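J.: Below: one structure in structure tokens.
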Amino acid sequence: MIIIVWVCILLLAAAIVLGIVRAVTAKDSGSRAVVGDLVYFSAIGILTLIAMLGGLSIMLDVIFLSSLLGILSTVALSRILTRGHR
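In the working numbering, the protein residues as written are 1 to 86.
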């Protein structure tokens, strides 16, 4: 079980690295926003796996709160990019 968690952490870390590379090479702000979400939620996934390894239940509360804030920031950024149009 521990090996599977570490493999998942490495995969999420690779997603973060590839996302940062893509954010640097992206032409428009919409692509950068999507890649920013990828990096943010991959980091939350890594924190979740670390909390599972360490048995830190308080960390899960922090992860839930940061996930909600990440979703709200995504909605706010999409409203800014579309200039409020639906």
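Idealized CB from N, CA, C, for every residue including glycine. Note that the structure is a prediction, hence the values are computed from the model and not measured.
Name the residue from Ile63, Ala26 and Met1 whose alpha carbon lies nearest to the alpha carbon of Gly45.
T.: Ranking the options by Cα distance to Gly45, first place goes to Ile63.
J.: Pair every Cβ in the region 23-36 with every Cβ in the region 51-62, then say whether three or more of these pairs are closer than 8 Å.
T.: The region 23-36, when compared against the region 51-62, does not touch it at the 8 Å Cβ threshold.
J.: Once DSSP output is grouped into helix, strand and coil, what is the label at Asp28?
T.: If DSSP states are grouped into helix, strand and coil, Asp28 belongs with coil.
J.: Tell whether a beta-carbon distance below 9 Å holds between Ser42 and Ala23.
T.: Not in contact: Ser42 and Ala23 (Cβ atoms no closer than 9 Å).
J.: Skipping 5 residues on each side, what residues in its chain have a beta carbon closer than 7 Å to that of Ser67?
T.: Excluding positions up to five away in sequence, the list reads Ile44.
J.: Between Ile20 and Val39, which are expected to be in contact by the criterion C-beta below 8 Å, what is the C-beta distance as a whole number of angstroms?
T.: Sure, about 6 Å apart at Cβ, within 8 Å.
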